[in-house]
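Participant: Handing you this structure, nothing more for now.
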Ligand code: GRF
């Protein structure tokens, strides 16, 4: 009797290209399956893309809550807990979560960040790598902890910075690597293995 597949909820804010790769990677032989795609924007185009793949979706617009993060998260928890997830994957999710929310999912919430952490936490990572004259860039999957973009490393993938690169060209090269890294990390993590996946 194979162990039941872990239930995975994926949180998005926009197009959800990483979410799609995660959903497409979770086949019958995979230790996990997608049970919800949840967005903080009802207009996120990733919602329709997830629904087209047969995955349940929900959205909670963060804007009516203003600066009250706790109230937004309380609303977010309603569809999220109803899906009874074992693992949360943040995939292009652009809201900062409170320590209280993070603590509730400690040890089972993952995020992908478009830099070689600990370099360049936060935003505009590709431009910062270019401005620093870095020879390489990449992406990182990590466990989410209360400190932004700083949890235990679960995977990292490197790409070269090429002459003439712009933030857009470098970002596209990194995004293609994200689409390989995140599914590889999720498969290993869902099987109970936290050995980091290193690519590139
Ligand atoms: C991308 O910049 C990616 O590097 C980061 O979030 C952004 C959107 O990703 N993880 P997605 O296409 O919504 O997955």
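Residue numbers (our numbering): 2 to 201.
Glycine residues also receive a C-beta, built at the ideal position from the N, C-alpha and C atoms.
#1: Using a 10 Å radius around the Cβ and a threshold of 16 neighbouring Cβ atoms, would you call residue 115 buried or exposed?
#2: Run the proximity test for residue 20: is its beta-carbon closer than 8 Å to any non-hydrogen atom belonging to ligand 1?
#3: How about residue 120 and residue 130: do their beta carbons lie closer than 9 Å?
#4: My output table needs one value for residue 58: the three-state DSSP class, helix, strand or coil.
#5: Could you check where the beta strand (DSSP E) with residue 7 kicks off and where it finishes?
#6: Keeping to the same chain, check which residues put their C-beta closer than 6 Å to that of residue 88; ignore five residues upstream and five downstream.
#7: Cβ atoms of residue 20 and residue 68: under 9 Å apart, would you say?
#8: How far does the beta strand (DSSP E) with residue 47 in it extend, from its first residue to its last?
#9: Flag this pair as yes or no: are the beta carbons of residue 156 and residue 183 separated by less than 9 Å?
#10: Can you give the beta carbon distance from residue 143 to residue 112, rounded, assuming they're within the 8 Å contact cut?
#11: Does at least one heavy atom of ligand 1 sit under 8 Å from the Cβ of residue 90?
#12: For residue 33, I'd like the list of residues in its chain whose CB is within less than 8 Å of its CB, leaving aside the five on either flank, ordered along the chain.
#13: Specify the secondary structure class of residue 198 as computed by DSSP and reduced to three states.
#14: Can you name the start and end residues of the alpha helix (DSSP H) that residue 75 belongs to?
#15: Buried or exposed, going by whether 16 or more other CB atoms sit within 10 Å of the CB of residue 148?
#16: Would a C-beta distance cut-off of 9 Å place residue 95 and residue 140 closer than the cut-off?
#17: Taking 8 Å as the cut-off, does the CB of residue 179 come closer than this to any heavy atom belonging to ligand 1?
#18: Could you check what DSSP says for residue 118 in three-state terms: helix, strand or coil?
#19: Going by DSSP, name the residue or residues bridged to residue 156.
#20: Does residue 167 pass the burial test, meaning 16 or more other C-beta atoms within 10 Å, or should it be called exposed?
Facilitator: So, to answer that:
#1: Translated into positions along the chain shown, residue 115 becomes position 114. Label assigned to residue 115: buried.
#2: Against the chain shown, residue 20 aligns to sequence position 19. Result yes, Cβ under 8 Å from ligand 1.
#3: Indexing the chain shown from 1 puts residue 120 at position 119. Indexing the chain shown from 1 puts residue 130 at position 129. Inclusion of residue 120 and residue 130 in the CB contact set at 9 Å is warranted, their separation being smaller than that value.
#4: The residue you call residue 58 lines up with position 57 of the chain shown. In the structure shown, residue 58 sits in a strand (DSSP, three-state: E or B).
#5: For the purposes of this step, residue 7 is taken as the residue at position 6 of the chain shown. For residue 7, the uninterrupted beta strand (DSSP E) segment begins and ends at 7-13.
#6: For the purposes of this step, residue 88 is taken as the residue at position 87 of the chain shown. Annotation for residue 88: 7, 9, 109 place their beta carbon closer than 6 Å to its own, counting only its chain and skipping 5 residues before and after.
#7: In the chain shown, counting from the first residue as 1, residue 68 sits at position 67. In the chain shown, counting from the first residue as 1, residue 20 sits at position 19. Taking 9 Å as the Cβ cut-off, residue 68 and residue 20 do not qualify as a contacting pair.
#8: Taking the chain shown and counting its residues from 1, the one referred to as residue 47 is at position 46. Per DSSP, residue 47 belongs to no beta strand (DSSP E); it is in the alpha helix (DSSP H), 46-53.
#9: Counted from its first residue, the chain shown places residue 156 at position 155. Counted from its first residue, the chain shown places residue 183 at position 182. Cβ distance < 9 Å, so residue 156 and residue 183 count as in contact.
#10: As a position in the chain shown, residue 143 is number 142, starting the count at 1. As a position in the chain shown, residue 112 is number 111, starting the count at 1. Confirmed, about 6 Å.
#11: Here residue 90 refers to the residue found at position 89 when the chain shown is read from its first residue. No.
#12: For the purposes of this step, residue 33 is identified with residue 32 of the chain shown, where counting begins at 1. Excluding sequence neighbours, residue 33 sits near 6, 7, 8, 9, 27, 87, 88, 187, 188, 191.
#13: On the chain shown, residue 198 is found 197 positions in, with the first residue counted as 1. The answer is strand: DSSP assigns residue 198 an E or B state.
#14: By 1-based counting over the chain shown, the position of residue 75 is 74. Per DSSP, the unbroken alpha helix (DSSP H) holding residue 75 starts and ends at 70-83.
#15: In the chain shown, counting from the first residue as 1, residue 148 sits at position 147. With fewer than 16 other Cβ atoms within 10 Å, it is exposed.
#16: Against the chain shown, residue 95 aligns to sequence position 94. Against the chain shown, residue 140 aligns to sequence position 139. In this structure, residue 140 does not lie closer than 9 Å to residue 95 by Cβ.
#17: For the purposes of this step, residue 179 is identified with residue 178 of the chain shown, where counting begins at 1. Yes, ligand 1 has a heavy atom inside 8 Å of this Cβ.
#18: Numbered from its first residue, the chain shown carries residue 118 at position 117. Three-state result, residue 118: coil.
#19: Position 155 of the chain shown, counted from the start, is the residue given in the question as residue 156. Answer is 142, 198, bridged to residue 156.
#20: Stepping through the chain shown from its first residue, residue 167 is reached at position 166. Taking every protein chain shown into account, the CB of residue 167 has fewer than 16 other CB atoms within 10 angstroms, so this residue is exposed.
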